[in-house]
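Trainee: Here it is: the structure, laid out below.
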Amino acid sequence: MYKDIPYFLRDFLSYLKTIKGLSPNTVHEYYYDLRLYLKFMTYRLNLLDFEEKEIEDIDIRKLKVEDLKGISIIDLHSYISYRDNDRDNSTTTRSRKVSSLRTFYKYLNTVAKSLDENPTLELELPKMKKRNPVYMTFDESKRLLEVIAQEKNAFLRYRDFAIVLLFLTTGIRLSELTSMDTTSLKDLEFTVIGKGNKERIVYMTEAARYAIDQYLMVRPDLEEEKALFLSNRYSRMSNRAVQHMLDKYLAKAGFDTRKYSVHKLRHTAATLMYREGVDIRTLQKVLGHTSVATTQIYTHVADDSIKGAISHNPLNAIKMDEEKSEE
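Position 285 of the sequence shown, counted from 1, bears residue number 284 in numbering that gives the first Met the number 0, the numbering being contiguous throughout.
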């Protein structure tokens, strides 16, 4: 795996997986980001002899870590600009690319000790615009579930209803759901593999457990397949398959599939719980956030709701009669 990159990048990816315990998906994101970064620097600084005109086509397998020693902060800025202009990356995406570079160079400088200097120390993160998370209201969530309940195929109806209800009531991540096995379940709780390859316990409602039990009644009993949620071919559902399934029902329910996704269901679960009085620290544990700062976005959503509630107070229309007050 990863045979199209130089040895020092392969070593870094192995470090992320085995020492830092990052998930395969996260490691692959680092691979994709840093492979393109090295291709760009090879092109910009003419580090290797190549004939390809397209940056993506450059072969970087013979690149050595010593070739990175001449890279300056100006070169890094040029790469960020390339990601911004040539590939039309959003601010959020560019911010992630910068974080990838910082982690990579920190490893080379302090762990592998193959570079004496770290040029990313001066590299600033792009300024992020504060955005409230996109989420569904309670009524919209009910509408989505009602559409799923109309599915004619019994296997799909029970499976998809259970999946979406789990997302909406527990706020679990997509990768956490697809990693679930039949053995993950225990009464009103289940275990998932979260970020950083860490196992955590998730608690569910009685309604969610009932939905899963209904699904289990129509789920084929396969000894060789332990995955809880099965595809049409009775193998573990992939992340893409779950998103495709959700898109189908979102469209039927009249939602914009460009606006809503599985991750928006996680936002919905968190927002509904916070509005019902779940404190921020508890919500942090429910969502599996490492830092409470990540969970703080839902307080802004609640603040907007509070402002709206104030305006609906029945005393809002009462004003003092000016003429009587002057008597």
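Ideal Cβ placement from N, Cα and C applies to all residues, glycine included.
Can you have a look at Y106 and say buried or exposed, based on whether 16 or more other CB atoms are within 10 angstroms of its CB?
Mentor: buried
Trainee: Out of curiosity, what's the CA-to-CA distance linking L173 and F39?
Mentor: Roughly 32 Å separates the two Cα atoms.
Trainee: Below 8 Å, can you find three or more Cβ-Cβ pairs linking the stretch 94 to 108 to the stretch 142 to 153?
Mentor: Counting C-beta pairs closer than 8 Å gives fewer than three between the stretch 94 to 108 and the stretch 142 to 153, which falls short of the contact rule.
Trainee: Who are the near neighbours of E55 in its chain, counting only those whose CB is closer than 7 Å to its CB and skipping five residues on each side?
Mentor: K38
Trainee: If you draw a straight line from the alpha carbon of L12 to that of N152, how long is it in whole angstroms?
Mentor: 43 Å
Trainee: Nearest-angstrom Cα distance between D3 and R9?
Mentor: Going from the Cα of D3 to the Cα of R9 covers about 9 Å.
Trainee: Less than 7 Å between C-beta atoms, sequence neighbours within five positions excluded: which residues of the same chain meet that for L68?
Mentor: Before going on, a small fix: residue 68 reads as Lys here, not Leu. Excluding the 5 residues flanking it on each side, K68 has same chain C-beta neighbours closer than 7 Å at L114, in chain order.
Trainee: Can you confirm whether the stretch 203 to 216 touches the stretch 159 to 167 when touching is taken to mean that 3 or more C-beta pairs between the two stretches lie within less than 8 Å?
Mentor: yes
Trainee: Quickly, what does DSSP pair K185 with across the bridge? List them, please.
Mentor: E188
Trainee: What residues match up with I200 in a beta bridge as DSSP calls it?
Mentor: T190
Trainee: Output needed for I305: all residues of its chain with C-beta closer than 8 Å, excluding positions within five of it in sequence on either side, in chain order.
Mentor: Residue placement at I305 is poorly supported in this model, since its pLDDT is 45, which falls under 50; the coordinates still yield a value, given next. Excluding positions up to five away in sequence, the list is empty.
Trainee: Return the bridge partner residues of A207 from the DSSP annotation.
Mentor: Beta-bridge pairing links A207 to no other residue.
Trainee: Apart from the five residues just before and just after N117, which ones in its own chain have a Cβ nearer than 7 Å to its Cβ?
Mentor: Y104, K105 and N108
Trainee: Just the Cα atoms here: how many angstroms apart are M272 and E150?
Mentor: 28 Å
Trainee: When the distance is taken between beta carbons, is T177 closer than 8 Å to R235?
Mentor: yes
Trainee: Between A148, L100 and T17, which lies nearest to R34 when the distance is taken from Cα to Cα?
Mentor: Its Cα nearest to that of R34, the residue L100 stands out among A148, L100 and T17.
Trainee: What are the boundary residues of the alpha helix (DSSP H) that P23 is part of?
Mentor: P23 to L44
Trainee: Excluding the 5 residues flanking V26 on each side, which residues of the same chain have their C-beta closer than 7 Å to its C-beta?
Mentor: When the five nearest sequence neighbours on each side are left out, the beta carbons in the same chain lying within less than 7 Å of the beta carbon of V26 are those of L12, L15 and K16, in order along the chain.
Trainee: Report the residue from V241, Y259 and I70 whose alpha carbon sits nearest the alpha carbon of N231.
Mentor: V241
Trainee: Please name the residue, chosen from N45, I79, L75 and K185, that lies closest to T119 on a Cα-to-Cα basis.
Mentor: T119 has its Cα closest to that of L75, out of N45, I79, L75 and K185.
Trainee: Below 8 Å CB to CB, which residues in the same chain sit around T328 once its five sequence neighbours on both sides are set aside?
Mentor: A query on residue 328 cannot be resolved here, the shown segment of the chain reaching from 0 to 326 and no further.
Trainee: Short check: CB of I147 to CB of Y209, under 8 Å?
Mentor: no
Trainee: State the start and end residues of the unbroken alpha helix (DSSP H) segment that holds M272.
Mentor: V261 to R274
Trainee: For L271, verify whether its CB is less than 7 Å away from any heavy atom of the ligand ATP.
Mentor: In the structure shown, the ligand ATP is absent, as is every other ligand, since no ligand is present at all.
Trainee: By the DSSP assignment, the alpha helix (DSSP H) with M179 in it spans what residues?
Mentor: No alpha helix (DSSP H) contains M179, which DSSP labels as neither H nor E.
Trainee: So what's L229 in DSSP terms, helix, strand or just coil?
Mentor: strand
Trainee: What does the alpha-carbon distance come out to for the pair V133 and K19?
Mentor: When rounded, the distance between both Cα atoms is 31 Å.
Trainee: Can you tell which of L165, F189 and T136 has its C-alpha closest to the C-alpha of Y259?
Mentor: Taking only the C-alpha atoms, the option nearest Y259 is T136.
Trainee: May I ask which residues mark the beginning and end of the alpha helix (DSSP H) holding I147?
Mentor: F137 to I147
Trainee: Do you know how far the Cα of V191 is from the Cα of L184?
Mentor: L184 and V191: Cα-Cα distance of roughly 10 Å.
Trainee: Tell me whether S310 sits in a helix, a strand or coil according to DSSP, three-state version.
Mentor: Here the model assigns S310 a pLDDT of 49, short of 50, so the residue's position is not dependable, and the following value carries that caveat. Correct three-state label for S310: helix.
Trainee: Going by beta carbon distance, what residues of the same chain come within less than 7 Å of T256, once the five residues before and after it are set aside?
Mentor: D246, L249 and A250
Trainee: With distances taken Cα to Cα, identify the nearest neighbour of L328 among K197, T270, I70 and F166.
Mentor: This structure cannot speak to residue 328, because the chain is shown only from 0 to 326.
Trainee: Bridge partners for R235 per DSSP, in chain order?
Mentor: L229
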